[in-house]
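J.: Here the protein sequences come in this chain order: A and B.
Just so we're aligned, residue 4 is where the first sequence starts under the numbering used here, counting upward by one.
Just so we're aligned, residue 12 is where the second sequence starts under the numbering used here, counting upward by one.
Quick reminder that beta carbons are idealized off the backbone N, C-alpha and C, glycines included.
Let me give you the structure first, and then I'll get to my questions.
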Amino acid sequence: MEFPEGLKYSKEHEWVLVEDKIAIIGITEFAQHELGDVVYVELPEIGEKVVKDDPFGAVESVKAVSDVFAPVGGTVVEVNDTLPESPETINDDPYGDGWMIKVEMTDKDDLKDLMSAEEYAEYIEQQKEGDEEEEDDDEDNGEDEDEDEDK
Amino acid sequence: MNAPATPQVRKKTPLNSVHRRLGAKMVEFAGWDMPVQYRGVIEEHLAVRGRAGLFDVSHMGEVEVRGAGAVDFCQTLTPNDLSRLKPGQAQYNLLLNDNGGTVDDIVIYPLKADHVFICVNASNTDKDFDWIEKHGAGKVKVEDTSARYVQLALQGPLAENILQRLTSPRLAELKTFYFFFAAVGGIESLVARTGYTGEDGFEIFCEAPDGEKLWDVLMQAGSEDGLQPAGLGARDTLRLERALPLYGHELDDSTTPLEAGLDWVVKFSKGSFLGRDPLLKQKEEGVRRKLVGLEMTDPGIARSHYPVFKGSARSGEVTSGTKSPTLGKAIAMAYVRAEDAAAGDSVEVEIRERRAAARIVPLPFYRRQVK
Chain A
4 MEFPEGLKYS
14 KEHEWVLVED
24 KIAIIGITEF
34 AQHELGDVVY
44 VELPEIGEKV
54 VKDDPFGAVE
64 SVKAVSDVFA
74 PVGGTVVEVN
84 DTLPESPETI
94 NDDPYGDGWM
104 IKVEMTDKDD
114 LKDLMSAEEY
124 AEYIEQQKEG
134 DEEEEDDDED
144 NGEDEDEDED
154 K
Chain B
12 MNAPATPQVR
22 KKTPLNSVHR
32 RLGAKMVEFA
42 GWDMPVQYRG
52 VIEEHLAVRG
62 RAGLFDVSHM
72 GEVEVRGAGA
82 VDFCQTLTPN
92 DLSRLKPGQA
102 QYNLLLNDNG
112 GTVDDIVIYP
122 LKADHVFICV
132 NASNTDKDFD
142 WIEKHGAGKV
152 KVEDTSARYV
162 QLALQGPLAE
172 NILQRLTSPR
182 LAELKTFYFF
192 FAAVGGIESL
202 VARTGYTGED
212 GFEIFCEAPD
222 GEKLWDVLMQ
232 AGSEDGLQPA
242 GLGARDTLRL
252 ERALPLYGHE
262 LDDSTTPLEA
272 GLDWVVKFSK
282 GSFLGRDPLL
292 KQKEEGVRRK
302 LVGLEMTDPG
312 IARSHYPVFK
322 GSARSGEVTS
332 GTKSPTLGKA
342 IAMAYVRAED
352 AAAGDSVEVE
362 IRERRAAARI
372 VPLPFYRRQV
382 K
């Protein structure tokens, strides 16, 4: 599992790349792996305000929907508008072409709460027991079929 | 992203170590530790549609009813007509409560007049066993034999080719919903041409200690045909495309088969059965809500419990939804008011505080081409 140096990481598995006052935000390789095949991405509009620790969008796999939380607060200045068309980019390149939004930060102190690559790697290790868990709401069962007769 | 949930103690099928060896992502499902995917839900889904997939469905329960009149007892307990079955034929059926609500959907295998084998949902095994035992008291012997069996589902257009390499009865002659007992790769099994994916395929039951070997011989026999292990994730997207109901979503104790579009299972003409009177009344009066198919026309995926609106009125709620890997569209099943259920009509689904347009479409979303 990859955790590039130079990025900051949140406990909710978002990453942040800071370029001056702009924070580029995406979800981590761990996050996309937990989700599985990403089939839909919901992003905010340019100009919207995002609030630190509040959801700014959602990432959906075939099985489940997950909110994506803003690791920093500010104003959205750019969104990755290729994602709605090719959401699988988040699986293929979570730290590159799979970036989600760029935010002009209101308070750079927000970054203080985030983890370094090393801290995040350690955090993931601690979570490993829960690693195989997924927000799998579904009661399943499964069997049967109707088919033939009577239909 | 939301943090993963806390792990808990789970039941394991006899193939648990096989799944872990294959690197499956394991999740809790109905109290079981089950593989949700091995290499990816979409890949496994497409493998089943195009070639074949192998599922461990040993979490599903088995209840056996024995004693003189076992079949007759099941005939009074269920709405489908067991008297229509030919020898070696199984049947999709239901357990209904006194209100006509659904205790479970089941597959019933009358093995002999005095022995009925019933496959039930994992989440309902205890409830079903109690229900059958309560009604069979003094008439038949009811046993929960779930722990005794491994159940594998070999599904997909190449399933017959693969299984034929391991067993001698001519599978081409085995019609849908028929079964036989035979050795599969030397392992005594019950082989049924049934499944939950919308594809041709087989469900194979064997004694639990033979389960791992059965998995291995099937995987080996299927290697040249591209057989892939498939998890619960693909199982769910496959059954949803084929609009097969999932207990806890499309069916529950408050849902009747007439609302769920399972009218064809209910044979009023067969005479008395548990739950008949309230269902007959509902049939005469007409259902107030119906299960429909939705195709999203706006971006977004409708998920279980999302509200459905017709104009400003709340019409109902989504029961299951996903992006269909086969069709490439967001699809869902939903209960809506009967007056809103006409195919072609437009409705809206509330997705995270936003209304998204959807169209009511006929079910199923996907139907395989019959050879």
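Skipping 5 residues on each side, what residues in its chain have a beta carbon closer than 8 Å to that of B:A35?
T.: Contacts found: P46, V47, Q48, Y49, P240, G242.
J.: Quick one: which chain B residues come within Cβ less than 8 Å of A:P74?
T.: Those within 8 Å of A:P74 in chain B number zero; the least Cβ separation is about 11 Å.
J.: Enumerate, from N- to C-terminal direction, the unbroken alpha helix (DSSP H) stretches of 4 or more residues contained entirely within the stretch 252-301 of chain B.
T.: Fully enclosed alpha helix (DSSP H) runs of 4 or longer: 287-296.
J.: Quick check: what's the CA-CA separation for B:A81 versus B:A124?
T.: In a straight line, the C-alpha of B:A81 is about 6 Å away from that of B:A124.
J.: Is the beta carbon of B:V52 closer than 8 Å to that of A:V65?
T.: Yes, the Cβ-Cβ distance between A:V65 and B:V52 is below 8 Å.
J.: Got a sec, what are the start and stop residues for the alpha helix (DSSP H) B:I173 sits in?
T.: From DSSP, the alpha helix (DSSP H) with B:I173 extends over 170-175.
J.: Should the stretch 21-39 of chain A be regarded as contacting the stretch 90-106 of chain A, the criterion being three or more beta carbon pairs within less than 8 Å?
T.: Cβ pair count under 8 Å is three or more, so yes.
J.: Tell me the rounded alpha-carbon separation between A:L20 and A:D113.
T.: Approximately 13 Å between the Cα atoms of the pair.
J.: Is there a C-beta anywhere in chain B that falls below 8 Å from the one on A:G99?
T.: Not one chain B Cβ lies under 8 Å of A:G99.
J.: Using a Cβ-Cβ cutoff of less than 6 Å, which residues in the same chain neighbour B:G244 once the five nearest sequence positions on both sides are dropped?
T.: Result list for B:G244: V47, Q48, V52, in chain order.
J.: Can you list, in chain order, the residues of its chain whose CB lies under 7 Å from that of B:R300, leaving out five sequence neighbours each side?
T.: E270, G327, Y346, V347, R348, A349, listed in sequence order.
J.: Output yes if chain A places a C-beta closer than 8 Å to the C-beta of B:D247; else output no.
T.: At least one chain A Cβ lies under 8 Å of B:D247.
J.: Using a Cβ-Cβ cutoff of less than 8 Å, which residues in the same chain neighbour A:D57 once the five nearest sequence positions on both sides are dropped?
T.: Excluding sequence neighbours, A:D57 sits near F72, A73.
J.: Is it right to say B:C217 is buried, meaning 16 or more other beta carbons lie within 10 angstroms of its own, or is it exposed?
T.: The residue is buried, with at least 16 neighbouring Cβ atoms inside 10 Å.
J.: Using alpha carbons as the reference points, say which of B:G206, B:F284, B:A368, B:G286 lies closest to B:A254.
T.: If we check each option's Cα against that of B:A254, B:G206 comes out closest.
J.: Can you name the residues of chain A whose CB is closer than 7 Å to the CB of B:I143?
T.: In chain order: nothing, as chain A lies at least about 16 Å away.
J.: To which residues of the same chain is B:A58 closer than 6 Å at the C-beta, ignoring the five residues directly before and after it?
T.: So the list reads G64, Q239, once near-sequence residues are dropped.
J.: Would you kindly report the start and end of the unbroken beta strand (DSSP E) that includes B:K36?
T.: That run of the beta strand (DSSP E) goes 36-40.
J.: Given a limit of 7 Å on CB to CB distance, which residues of the stretch 48-74 of chain B reach chain A?
T.: So the close ones are Q48, G51, V52, I53, V68, M71.
J.: Starting from A:E63, find everything on chain B with Cβ-Cβ shorter than 7 Å and list it in chain order.
T.: Residues of chain B passing the Cβ test: I312.
J.: Quick check on DSSP: helix, strand or coil for A:F59?
T.: Three-state DSSP puts A:F59 in a strand.
J.: Please classify B:T156: is it buried, with 16 or more other beta-carbons within 10 angstroms of its beta-carbon, or exposed?
T.: It is exposed - the Cβ of B:T156 has fewer than 16 other Cβ atoms within 10 Å.
J.: Among the candidates B:S200, B:M71, B:H30, whose CA atom is the shortest distance from the CA of B:A41?
T.: Among B:S200, B:M71, B:H30, the Cα nearest to that of B:A41 belongs to B:M71.
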